[in-house]
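Counting in the numbering used here, the sequence shown runs without a single skipped number right up to 219 at its last residue.
Virtual Cβ for every residue (Gly too), placed ideally from N, Cα, C.
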Amino acid sequence: MRLSSGAGLNREDVDKLMLLFVIYGSSKLSVRQMIKQLSLSESVPEHLRKTFRKSRNLLERWNYGVSETLEYLESALKHPKLKGLVIRLMHSIKAGVSIEDFARIEYVKHRAEQDNELEKGLEKLRRLVEAYTTLISVVSLLSVSFLLIGTIIGGGGASFLDTAFLSIVATLGSTTLLFLTNNLKRPIFTKYPDKPGKLKLLLKTTTP
(Lines of atoms letter the chains of each structure in order from A and count residues from 1; the text may use other names and numbers.)
(Lines give C-alpha, C1' and ligand atoms only; values in the text may rest on other atoms or scores of the structure.)
Protein backbone atom coordinates (compact mmCIF):
# COMPACT_ATOMS: atom_id res chain seq x y z
CA MET A 1 0.00 0.00 0.00
CA ARG A 2 1.37 3.40 -0.94
CA LEU A 3 1.63 5.83 1.95
CA SER A 4 0.93 9.50 1.39
CA SER A 5 3.31 12.06 2.84
CA GLY A 6 2.34 12.10 6.46
CA ALA A 7 0.37 8.85 6.56
CA GLY A 8 1.93 6.34 8.91
CA LEU A 9 3.75 9.01 10.90
CA ASN A 10 3.69 8.54 14.64
CA ARG A 11 4.44 11.07 17.33
CA GLU A 12 8.07 10.02 17.51
CA ASP A 13 8.53 10.64 13.76
CA VAL A 14 7.08 14.14 14.06
CA ASP A 15 9.31 14.89 17.06
CA LYS A 16 12.39 13.79 15.09
CA LEU A 17 11.44 15.97 12.14
CA MET A 18 10.90 18.98 14.39
CA LEU A 19 14.29 18.36 16.02
CA LEU A 20 16.00 18.04 12.63
CA PHE A 21 14.33 21.24 11.52
CA VAL A 22 15.61 23.23 14.50
CA ILE A 23 19.11 21.74 14.08
CA TYR A 24 19.24 22.69 10.40
CA GLY A 25 17.75 26.10 11.10
CA SER A 26 20.21 26.79 13.93
CA SER A 27 23.04 25.75 11.59
CA LYS A 28 21.98 28.63 9.34
CA LEU A 29 21.23 26.37 6.39
CA SER A 30 19.13 27.82 3.61
CA VAL A 31 15.74 26.34 2.75
CA ARG A 32 17.33 24.65 -0.26
CA GLN A 33 19.98 23.04 1.93
CA MET A 34 17.41 21.98 4.52
CA ILE A 35 15.28 20.25 1.88
CA LYS A 36 18.39 18.48 0.56
CA GLN A 37 19.36 17.26 4.03
CA LEU A 38 15.82 16.06 4.78
CA SER A 39 15.81 14.14 1.50
CA LEU A 40 19.00 12.33 2.58
CA SER A 41 18.51 11.87 6.32
CA GLU A 42 18.00 8.30 7.54
CA SER A 43 16.00 9.70 10.47
CA VAL A 44 13.20 10.71 8.10
CA PRO A 45 10.70 7.94 7.18
CA GLU A 46 11.25 6.65 3.64
CA HIS A 47 7.85 7.64 2.25
CA LEU A 48 8.43 11.17 3.54
CA ARG A 49 11.99 11.27 2.19
CA LYS A 50 10.52 10.68 -1.27
CA THR A 51 8.50 13.87 -0.93
CA PHE A 52 11.60 15.84 0.02
CA ARG A 53 13.51 14.24 -2.87
CA LYS A 54 10.78 15.43 -5.25
CA SER A 55 11.06 18.91 -3.75
CA ARG A 56 14.83 18.79 -4.18
CA ASN A 57 14.42 17.81 -7.83
CA LEU A 58 12.06 20.74 -8.36
CA LEU A 59 14.75 23.07 -7.03
CA GLU A 60 17.80 21.53 -8.69
CA ARG A 61 16.52 20.16 -11.99
CA TRP A 62 13.46 22.22 -12.80
CA ASN A 63 14.67 25.55 -11.40
CA TYR A 64 11.65 26.04 -9.15
CA GLY A 65 11.90 28.91 -6.71
CA VAL A 66 11.83 28.36 -2.95
CA SER A 67 8.27 29.71 -2.66
CA GLU A 68 7.00 27.41 -5.43
CA THR A 69 8.73 24.41 -3.86
CA LEU A 70 7.26 25.17 -0.45
CA GLU A 71 3.83 25.42 -2.05
CA TYR A 72 4.37 21.92 -3.46
CA LEU A 73 5.47 20.66 -0.03
CA GLU A 74 2.42 22.23 1.62
CA SER A 75 0.12 20.39 -0.78
CA ALA A 76 2.06 17.09 -0.57
CA LEU A 77 2.41 16.83 3.21
CA LYS A 78 -0.68 15.39 4.88
CA HIS A 79 0.25 15.51 8.55
CA PRO A 80 -1.37 18.67 9.99
CA LYS A 81 1.68 19.65 12.08
CA LEU A 82 4.06 19.40 9.13
CA LYS A 83 1.65 21.11 6.75
CA GLY A 84 1.16 23.95 9.24
CA LEU A 85 4.93 24.23 9.70
CA VAL A 86 5.48 24.72 5.95
CA ILE A 87 2.69 27.30 5.73
CA ARG A 88 4.17 29.31 8.60
CA LEU A 89 7.63 29.03 7.02
CA MET A 90 6.28 30.48 3.77
CA HIS A 91 4.73 33.42 5.63
CA SER A 92 7.91 33.97 7.68
CA ILE A 93 10.10 34.09 4.58
CA LYS A 94 7.79 36.67 3.03
CA ALA A 95 7.93 38.68 6.28
CA GLY A 96 11.74 38.62 6.29
CA VAL A 97 12.17 36.41 9.38
CA SER A 98 15.44 34.47 9.40
CA ILE A 99 15.31 30.67 9.20
CA GLU A 100 17.30 30.45 12.45
CA ASP A 101 14.80 32.57 14.39
CA PHE A 102 11.84 30.80 12.84
CA ALA A 103 13.24 27.35 13.68
CA ARG A 104 13.89 28.36 17.28
CA ILE A 105 10.38 29.77 17.72
CA GLU A 106 8.77 26.69 16.19
CA TYR A 107 10.70 24.28 18.38
CA VAL A 108 9.89 26.21 21.56
CA LYS A 109 6.24 26.14 20.53
CA HIS A 110 6.42 22.41 19.80
CA ARG A 111 7.98 21.69 23.20
CA ALA A 112 5.36 23.82 24.95
CA GLU A 113 2.60 21.82 23.26
CA GLN A 114 4.26 18.57 24.36
CA ASP A 115 4.61 19.76 27.94
CA ASN A 116 0.97 20.85 27.99
CA GLU A 117 -0.14 17.46 26.66
CA LEU A 118 1.97 15.69 29.28
CA GLU A 119 0.47 17.79 32.08
CA LYS A 120 -3.04 17.00 30.88
CA GLY A 121 -2.21 13.30 30.70
CA LEU A 122 -0.76 13.29 34.20
CA GLU A 123 -3.80 15.11 35.56
CA LYS A 124 -6.14 12.53 34.00
CA LEU A 125 -3.99 9.75 35.40
CA ARG A 126 -4.05 11.32 38.87
CA ARG A 127 -7.84 11.41 38.81
CA LEU A 128 -8.01 7.80 37.67
CA VAL A 129 -5.64 6.72 40.45
CA GLU A 130 -7.79 8.55 43.01
CA ALA A 131 -10.92 6.87 41.65
CA TYR A 132 -9.19 3.47 41.68
CA THR A 133 -8.01 4.00 45.27
CA THR A 134 -11.53 4.93 46.35
CA LEU A 135 -12.95 1.87 44.60
CA ILE A 136 -10.41 -0.42 46.27
CA SER A 137 -11.22 1.09 49.67
CA VAL A 138 -14.96 0.57 49.17
CA VAL A 139 -14.51 -3.01 47.94
CA SER A 140 -12.19 -3.80 50.84
CA LEU A 141 -14.59 -2.30 53.38
CA LEU A 142 -17.57 -4.19 51.99
CA SER A 143 -15.60 -7.43 51.84
CA VAL A 144 -14.38 -7.13 55.43
CA SER A 145 -17.87 -6.20 56.60
CA PHE A 146 -19.30 -9.23 54.82
CA LEU A 147 -16.60 -11.41 56.37
CA LEU A 148 -17.30 -10.10 59.87
CA ILE A 149 -21.05 -10.53 59.51
CA GLY A 150 -20.58 -14.06 58.27
CA THR A 151 -18.25 -14.86 61.16
CA ILE A 152 -20.64 -13.42 63.75
CA ILE A 153 -23.60 -15.27 62.32
CA GLY A 154 -21.45 -18.38 62.17
CA GLY A 155 -21.89 -19.42 58.60
CA GLY A 156 -19.57 -22.12 57.42
CA GLY A 157 -16.53 -22.00 59.71
CA ALA A 158 -13.08 -22.32 58.12
CA SER A 159 -14.39 -23.12 54.65
CA PHE A 160 -16.50 -19.97 54.71
CA LEU A 161 -13.50 -17.86 55.74
CA ASP A 162 -11.39 -19.38 52.96
CA THR A 163 -14.09 -18.70 50.38
CA ALA A 164 -14.58 -15.15 51.61
CA PHE A 165 -10.83 -14.47 51.55
CA LEU A 166 -10.48 -15.83 48.01
CA SER A 167 -13.46 -13.72 46.89
CA ILE A 168 -11.83 -10.59 48.30
CA VAL A 169 -8.51 -11.36 46.59
CA ALA A 170 -10.24 -12.15 43.28
CA THR A 171 -12.28 -8.93 43.41
CA LEU A 172 -9.25 -6.76 44.17
CA GLY A 173 -7.16 -8.59 41.55
CA SER A 174 -9.74 -8.22 38.78
CA THR A 175 -10.22 -4.54 39.64
CA THR A 176 -6.46 -3.96 39.47
CA LEU A 177 -6.19 -5.82 36.16
CA LEU A 178 -9.04 -3.76 34.72
CA PHE A 179 -7.32 -0.56 35.82
CA LEU A 180 -3.99 -1.58 34.30
CA THR A 181 -5.52 -2.81 31.04
CA ASN A 182 -7.44 0.43 30.49
CA ASN A 183 -4.73 2.87 31.50
CA LEU A 184 -1.39 1.40 30.45
CA LYS A 185 -2.49 1.74 26.82
CA ARG A 186 -2.48 5.52 27.10
CA PRO A 187 0.10 7.33 24.91
CA ILE A 188 1.64 8.90 28.01
CA PHE A 189 3.03 5.41 28.76
CA THR A 190 3.38 3.80 25.33
CA LYS A 191 4.68 6.46 22.92
CA TYR A 192 8.23 6.53 24.28
CA PRO A 193 10.56 3.76 23.02
CA ASP A 194 12.81 3.73 26.10
CA LYS A 195 10.24 2.48 28.59
CA PRO A 196 11.28 0.96 31.95
CA GLY A 197 11.55 -2.83 31.91
CA LYS A 198 8.79 -3.31 34.49
CA LEU A 199 6.43 -1.15 32.46
CA LYS A 200 7.16 -3.22 29.33
CA LEU A 201 6.38 -6.37 31.32
CA LEU A 202 3.10 -4.90 32.57
CA LEU A 203 2.15 -3.89 29.03
CA LYS A 204 2.78 -7.44 27.81
CA THR A 205 0.87 -9.10 30.65
CA THR A 206 -2.15 -6.81 30.29
CA THR A 207 -2.40 -7.09 26.50
CA PRO A 208 -5.56 -9.08 25.61
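In its chain, beyond the 5 residues on either side, Ile110, Glu111 and Ala114 have a beta carbon closer than 6 angstroms to the beta carbon of Gly36.
Taking a contact as a CB-CB distance under 8 angstroms, the pair Tyr83 and Ser103 does not count as one, their CB atoms being some 18 angstroms apart.
Where Val97 is concerned, the enclosing alpha helix (DSSP H) starts and stops at Pro91 to Ala106.
Judged by DSSP secondary structure, Gly36 falls within the alpha helix (DSSP H) whose first and last residues are Arg22 to Ser37. Cβ-Cβ distances below 6 angstroms link Val42 to Val77 in the same chain, with the five nearest sequence neighbours on each side left out; the list follows chain order.
Taking all protein chains shown into account, Lys47 has 16 or more neighbouring C-beta atoms within 10 Å of its C-beta and is therefore buried. The DSSP-derived three-state label of Leu51 is helix.
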